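One line per chain: the protein sequences are A and B, in this order. My numbering numbers the first residue of the first sequence as 697 and each following residue consecutively. My numbering numbers the first residue of the second sequence as 697 and each following residue consecutively. Heads up, the beta-carbon is just placed ideally off N, CA and C, and yes, glycines get one too. For clarity, every value in this text was computed on a predicted model and none was experimentally measured.
Protein chains: 2
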Amino acid sequence: MAYRNVMYICSMQQQTYLKGCLSAIVLQLLQDNKRMYGYEITQKVREITAGELQLTEGALYPTLHKLEAEGVLSTENSLVDGRNRKYYKLTETGHQQAQSAVSELADFVSNLQKILNLKPSLG
Amino acid sequence: MAYRNVMYICSMQQQTYLKGCLSAIVLQLLQDNKRMYGYEITQKVREITAGELQLTEGALYPTLHKLEAEGVLSTENSLVDGRNRKYYKLTETGHQQAQSAVSELADFVSNLQKILNLKPSLG
DNA sequence: TTTAATACATAAGAAAATTTGGCATATAGA
DNA sequence: TCTATATGCCAAATTTTCTTATGTATTAAA
Numbered sequence: 697m698a699y700r701n702v703m704y705i706c707s708m709q710q711q712t713y714l715k716g717c718l719s720a721i722v723l724q725l726l727q728d729n730k731r732m733y734g735y736e737i738t739q740k741v742r743e744i745t746a747g748e749l750q751l752t753e754g755a756l757y758p759t760l761h762k763l764e765a766e767g768v769l770s771t772e773n774s775l776v777d778g779r780n781r782k783y784y785k786l787t788e789t790g791h792q793q794a795q796s797a798v799s800e801l802a803d804f805v806s807n808l809q810k811i812l813n814l815k816p817s818l819g
Numbered sequence: 697m698a699y700r701n702v703m704y705i706c707s708m709q710q711q712t713y714l715k716g717c718l719s720a721i722v723l724q725l726l727q728d729n730k731r732m733y734g735y736e737i738t739q740k741v742r743e744i745t746a747g748e749l750q751l752t753e754g755a756l757y758p759t760l761h762k763l764e765a766e767g768v769l770s771t772e773n774s775l776v777d778g779r780n781r782k783y784y785k786l787t788e789t790g791h792q793q794a795q796s797a798v799s800e801l802a803d804f805v806s807n808l809q810k811i812l813n814l815k816p817s818l819g
């Protein structure tokens with residue numbers, strides 16, 4: 697059985713901050729790429745963040761299933777090199793949801809930065 | 697009885713993204729301000745983010761208690777205008793923890809931005 | 001005197017991710 | 001050939017964390 701917990705090479709703390717952002721990250725990636733499969737998403741995030749962020753499969757797949765159940769994502773299966781892949785892409789309504797989720801996340805990030813960059817107050 | 701749920705004027709979505717960041721936000725504010733009390737923290741965040749982020753008391757107070765129990769924060773009570781205030785400040789070890797937590801959060805924000813700003817891939 | 005603001009606190013429940021396990025195929029190395 | 005690694009999907013139990021809903025109490029303004 698293969699060793700799975702690659703996570704420990706990442707910052708434990710940053711993983712904590714992921715809470716709540718996972719759906720938005722998935723939606724953003726699916727706006728940038730027409731279709732992606734689960735494993736590909738985990739690798740993409742790892743690549744973009746130079747290994748600093750690692751989506752766990754235990755978190756990702758339930759999220760994908762939930763988004764599909766909500767009608768935000770649709771799927772199509774394909775067999776590649778003898779291995780199954782399940783591609784996800786945004787539905788029509790999914791595109792709208794993705795845009796609003798991503799813009800809200802961007803706003804949140806901007807608010808976080810305001811807090812982090814805050815100069816010491818006098819008093 | 698006073699009306700409590702001021703939260704509905706904020707973005708529900710952004711509140712979701714808060715998950716996991718609350719402690720780090722508190723620690724950052726306490727690095728910028730020698731001491732703060734709970735209610736003050738909620739108002740400070742509201743002020744900094746122009747009302748876009750609202751820390752709920754139900755989330756904040758347990759977090760403050762947890763950080764105190766961990767030895768990150770210490771408290772002192774004071775009576776102001778007939779009302780009790782519980783001031784929190786960073787302990788010595790708290791300062792170190794605050795620094796690492798905040799820098800990790802900053803890294804996380806930077807990673808999020810990489811994901812959000814990602815240009816569409818070819819293919 | 002009722003409402004709103006200030007100020008603390010707790011408890012039940014939901015939401016979301018983690019942990020930990022499972023299944024299966026392909027490939028490279030010892 | 002045996003093993004580890006990489007690829008690819010999934011689910012259940014648990015834990016963490018926040019939301020929602022209260023409770024208590026003082027001050028001030030309408």
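(request) Would you verify that the beta carbon of MET703 (chain B) is, or is not, closer than 8 Å to some beta carbon of chain A? (result) By 1-based counting over the second sequence, the position of residue 703 (chain B) is 7. In this prediction, MET703 (chain B) has a pLDDT of 38, which is less than 50 and means its spatial position is unreliable; nothing more can be read from the coordinates.
(request) Would you please verify whether the beta carbon of ILE721 (chain B) is less than 8 Å from any beta carbon of chain A? (result) Walking along the second sequence from the start, residue 721 (chain B) turns up at place 25. Answer yes: the Cβ-Cβ gap between ILE721 (chain B) and chain A drops below 8 Å somewhere.
(request) Rounded to whole angstroms, what's the CA-CA distance from ILE721 (chain B) to LEU726 (chain A)? Just pull it up for me. (result) Residue 721 (chain B) sits at position 25 when you count from the first residue of the second sequence. Residue 726 (chain A) sits at position 30 when you count from the first residue of the first sequence. The straight-line gap from Cα to Cα measures roughly 30 Å.
(message) Tell me which residue opens and which closes the alpha helix (DSSP H) that THR738 (chain B) is part of.
(response) Here residue 738 (chain B) corresponds to residue number 42 of the second sequence, with the count starting at 1. 734-744 is the extent of the alpha helix (DSSP H) around THR738 (chain B).
(message) Please classify GLY734 (chain A) as buried or exposed, where buried requires at least 16 other C-beta atoms within 10 Å of its C-beta.
(response) Your numbering for residue 734 (chain A) matches position 38 in the first sequence. Per the 10 Å Cβ criterion, buried.
(message) By DSSP's criteria, GLU772 (chain B) is part of a beta bridge. Which residues make up the other side?
(response) As a first step, residue 772 (chain B) is located in the second sequence; it is residue number 76 there, counting from the start. The partner list for GLU772 (chain B) (beta bridge, DSSP) reads B:TYR783.
(message) For a contact defined as C-beta to C-beta under 8 Å, what are the partners of LEU812 (chain B) on chain A?
(response) As a working note, residue 812 (chain B) is residue 116 in the second sequence. Chain A residues near LEU812 (chain B): GLN724, VAL798, LEU801, ALA802 and VAL805.
(request) Could you list the residues in the segment 745-769 of chain B with a C-beta less than 8 Å from some C-beta on chain A, going in chain order? (result) THR745, GLU748 and LEU749
(message) Can you list, in chain order, the residues of its chain with a C-beta nearer than 8 Å to that of THR787 (chain A)? Leave out the 5 residues immediately preceding and following it.
(response) Taking the first residue of the first sequence as position 1, residue 787 (chain A) is located at position 91. If we look at THR787 (chain A) and ignore the five residues flanking it on each side, its Cβ neighbours are GLY767, VAL768, LEU769 and SER770.
(message) I'd like to know whether the C-beta of LYS715 (chain B) is nearer than 8 Å to at least one C-beta of chain A.
(response) Taking the second sequence and counting its residues from 1, one reaches residue 715 (chain B) at position 19. Cβ-Cβ to chain A under 8 Å: yes for LYS715 (chain B).
(request) Report the residue from B:GLN750, B:TYR713, B:ASP803 and B:LEU760 whose alpha carbon sits nearest the alpha carbon of LYS785 (chain B). (result) Start at 1 with the first residue of the second sequence, and residue 785 (chain B) comes out as number 89. Per the Cα distances, B:LEU760.
(request) Could you say if the segment 739-747 of chain B and the segment 728-746 of chain A meet the contact criterion of at least three C-beta pairs nearer than 8 Å? (result) no
(request) Rank B:ASN729, B:GLU753 and B:ALA802 by C-alpha distance to the C-alpha of THR738 (chain B) and give the top, closest one. (result) Counting from 1 along the second sequence, the entry for residue 738 (chain B) is found at position 42. Closest option to THR738 (chain B), Cα to Cα, is B:GLU753.
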